[in-house]
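Engineer: In the numbering used here, the protein residues as written are 36 to 403. Take a look at the following structure, please.
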Amino acid sequence: MTGDSQLRRFVDDVVIPAEPELDAGGGLELRKLAQDAGLWARPLPAELGGGGQPLADYFAVAEDEGRSDHGPDVVGSSSLLTVRMLTAHAHPELRDAVLTDLVAGRVHVSYAMTEPGVAGSDPSGLRTAAERGADGWWTVTGRKWFTSGAARADLVLVVVRTSDAFSIVAVPAGGFRIERELDVLGTGGQHEISFDAVRVPPAHLIGEPGQGMRLAGERLALGRTLRALRWIGQAQRCLDLLADRAVSRALGDGVLADQQLVQRLVFESELEVRSARLLAREAAGLVAAGERAPVEVSLAKVAAARALNTAVDAAIQVYGAEGLTAATGLPRLLRVARAARILDGADELHVTTTARRLLTRRQAAPDR
Numbered sequence: 036m037t038g039d040s041q042l043r044r045f046v047d048d049v050v051i052p053a054e055p056e057l058d059a060g061g062g063l064e065l066r067k068l069a070q071d072a073g074l075w076a077r078p079l080p081a082e083l084g085g086g087g088q089p090l091a092d093y094f095a096v097a098e099d100e101g102r103s104d105h106g107p108d109v110v111g112s113s114s115l116l117t118v119r120m121l122t123a124h125a126h127p128e129l130r131d132a133v134l135t136d137l138v139a140g141r142v143h144v145s146y147a148m149t150e151p152g153v154a155g156s157d158p159s160g161l162r163t164a165a166e167r168g169a170d171g172w173w174t175v176t177g178r179k180w181f182t183s184g185a186a187r188a189d190l191v192l193v194v195v196r197t198s199d200a201f202s203i204v205a206v207p208a209g210g211f212r213i214e215r216e217l218d219v220l221g222t223g224g225q226h227e228i229s230f231d232a233v234r235v236p237p238a239h240l241i242g243e244p245g246q247g248m249r250l251a252g253e254r255l256a257l258g259r260t261l262r263a264l265r266w267i268g269q270a271q272r273c274l275d276l277l278a279d280r281a282v283s284r285a286l287g288d289g290v291l292a293d294q295q296l297v298q299r300l301v302f303e304s305e306l307e308v309r310s311a312r313l314l315a316r317e318a319a320g321l322v323a324a325g326e327r328a329p330v331e332v333s334l335a336k337v338a339a340a341r342a343l344n345t346a347v348d349a350a351i352q353v354y355g356a357e358g359l360t361a362a363t364g365l366p367r368l369l370r371v372a373r374a375a376r377i378l379d380g381a382d383e384l385h386v387t388t389t390a391r392r393l394l395t396r397r398q399a400a401p402d403r
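Now the structure itself:
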């Protein structure tokens, strides 16, 4: 895999300096800059107005895009998971109404699965329900939280309990209520939302009744792989800051880089980031080829989250007190790093499920 120097320069020179503004919900004009630079929606279907970039090629540059967690949104690729889900599984009526505007950035679609009071590692406990009436319409009742971008969503894809296990329905704006914005390590953008017997037309069912968990699993496999690649981009950003600080910060007759303990921080961080990168690229290759690869995806996700935590902690330590200030960008990277160990499945979930898969394979091996 090789990166994209134009994309990396755009993220470093345009997106990262604007992170405070983007955190506050501004910076929409940056999307126009991305469009003018030919960077907009590259991995989205060309027939919908995207760049038509194959998934394998996009994986090769996702790390550059991910050097800022705002990067995917600014360059129009943050809707990739939803575009792929709707393209493959939505009713033609819904596809025609949403997809072109979604790719163009004119509408926003959120995804709602997690619920308050329900362990995220056990989706079988989800309580939000949808009942189908005699007219074919669905009535949705329940509550979700940690729904990203719900305040600006034109549509929310909701995982619901139905008579056929679980399904996914698309609820338009006006059909859900924002209960509150969650304060997540001092940042916003995550919401708790509720559905009070809202009626949804038959064409808003995604896939077939009872396919919800399978479709959610498809989305998770790709989503975890993308997160891993993007977190590695942010970990590399931390490594760059760490190294620059170490070689430039005067200390006595030399610089910080002369100190063995600083050298150890550099080594350990580099080791983790490079190792995670290899795991993420292995997972990306398998996912791009259409394979499920649950072991490889979980290994990549956990390794990338750990590498980001190690790299940002080391960078802050070498910066000293200045590393705690917003001007360095490190505090927001620290927030991302800590959340990375929980998002898309906590580390512990991936450790146990992956170990079980590996041991089951060994038990079933014919040469035991």
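Where is the CB? At the ideal position from N, CA and C, for every residue including glycine. Quantities reported herein were computed from a predicted structural model and do not represent experimental measurements.
Residue ranges of each alpha helix (DSSP H) run of no fewer than 4 residues wholly in the stretch 62-111, ordered along the chain?
Structural biologist: 64-71, 90-100, 106-109, all fully within the stretch 62-111.
Engineer: Here's the rule: buried if 16 or more other CB atoms are within 10 angstroms of the residue's CB, otherwise exposed. What is residue 99?
Structural biologist: The residue labelled residue 99 in the question sits at position 64 within the sequence shown. Counting Cβ neighbours within 10 Å, residue 99 comes out buried, since at least 16 surround it.
Engineer: Taking buried to mean at least 16 other C-beta atoms within 10 Å of its own C-beta, is residue 345 buried or exposed?
Structural biologist: Within the sequence shown, the letter at position 310 stands for residue 345. Flag for residue 345 reads buried.
Engineer: Give the straight-line distance between the Cα atoms of residue 331 and residue 317, rounded to the nearest whole angstrom.
Structural biologist: As a working note, residue 331 is residue 296 in the sequence shown. As a working note, residue 317 is residue 282 in the sequence shown. If I take the Cα positions, the gap works out to 7 Å.
Engineer: Ignore the nearest five residues each way along the sequence and tell me which others in residue 49's own chain have a CB closer than 7 Å to its CB.
Structural biologist: The sequence position of residue 49 within the sequence shown is 14, counting from 1. Cβ neighbours of residue 49 beyond the five flanking positions: 65, 68.
Engineer: Who does residue 190 pair with in a DSSP beta bridge?
Structural biologist: By 1-based counting over the sequence shown, the position of residue 190 is 155. Paired residue(s): 144, 207.
Engineer: For residue 220, report the span of its alpha helix (DSSP H) as first-last.
Structural biologist: Residue 220 sits at position 185 when you count from the first residue of the sequence shown. No alpha helix (DSSP H) contains residue 220, which DSSP labels as neither H nor E.
Engineer: Let me know the secondary structure DSSP gives residue 327 once reduced to three states.
Structural biologist: Against the sequence shown, residue 327 aligns to sequence position 292. Reduced to three states, the DSSP call for residue 327 is coil.
Engineer: Buried or exposed: which applies to residue 351, given that a residue is buried once 16 or more other Cβ atoms fall within 10 Å of its Cβ?
Structural biologist: Mapped onto the sequence shown, residue 351 falls at position 316. Per the 10 Å Cβ criterion, buried.
Engineer: Looking at the secondary structure, which residues open and close the alpha helix (DSSP H) in which residue 389 lies?
Structural biologist: Taking the sequence shown and counting its residues from 1, one reaches residue 389 at position 354. Residue 389 -> alpha helix (DSSP H) spans 382-399.
Engineer: Beta strand (DSSP E) containing residue 183: first to last residue?
Structural biologist: Here residue 183 is taken as the residue at index 148 of the sequence shown, counted from 1. First-last of the beta strand (DSSP E) with residue 183: 173-183.
Engineer: Using 10 angstroms around the beta-carbon of residue 39, count the other beta-carbons present and answer buried if the total reaches 16, otherwise exposed.
Structural biologist: In the sequence shown, the residue the question calls residue 39 occupies position 4. With 16 or more Cβ atoms within 10 Å of its Cβ, residue 39 is classed as buried.
Engineer: When we look at the beta-carbon of residue 104 and count the other beta-carbons within 10 Å, is it buried (16 or more) or exposed?
Structural biologist: The sequence position of residue 104 within the sequence shown is 69, counting from 1. So residue 104 counts as buried.
Engineer: From 232, 180, 201, pick the residue whose C-alpha is nearest to that of residue 216; which is it?
Structural biologist: Counting from one through the sequence shown, the residue named residue 216 turns up at place 181. The shortest Cα separation from residue 216 among 232, 180, 201 belongs to 180.
Engineer: By the 10 Å Cβ neighbour count, where 16 or more other Cβ atoms means buried, how is residue 52 classified, buried or exposed?
Structural biologist: For the purposes of this step, residue 52 is taken as residue 17 along the sequence shown, with counting starting at 1. The residue is exposed, with fewer than 16 neighbouring Cβ atoms inside 10 Å.
Engineer: For residue 153, which of helix, strand or coil comes out of DSSP?
Structural biologist: For the purposes of this step, residue 153 is taken as residue 118 along the sequence shown, with counting starting at 1. If DSSP states are grouped into helix, strand and coil, residue 153 belongs with coil.
Engineer: Taking the Cβ atom as the reference point for each residue, do residue 342 and residue 267 lie within a distance shorter than 8 Å?
Structural biologist: Translated into the one-based positions of the sequence shown, residue 342 becomes position 307. Translated into the one-based positions of the sequence shown, residue 267 becomes position 232. The answer is yes: Cβ separation under 8 Å.
Engineer: Count the C-beta pairs between the stretch 294-310 and the stretch 360-380 that are closer than 8 Å, then say yes if the count reaches three, no if not.
Structural biologist: no
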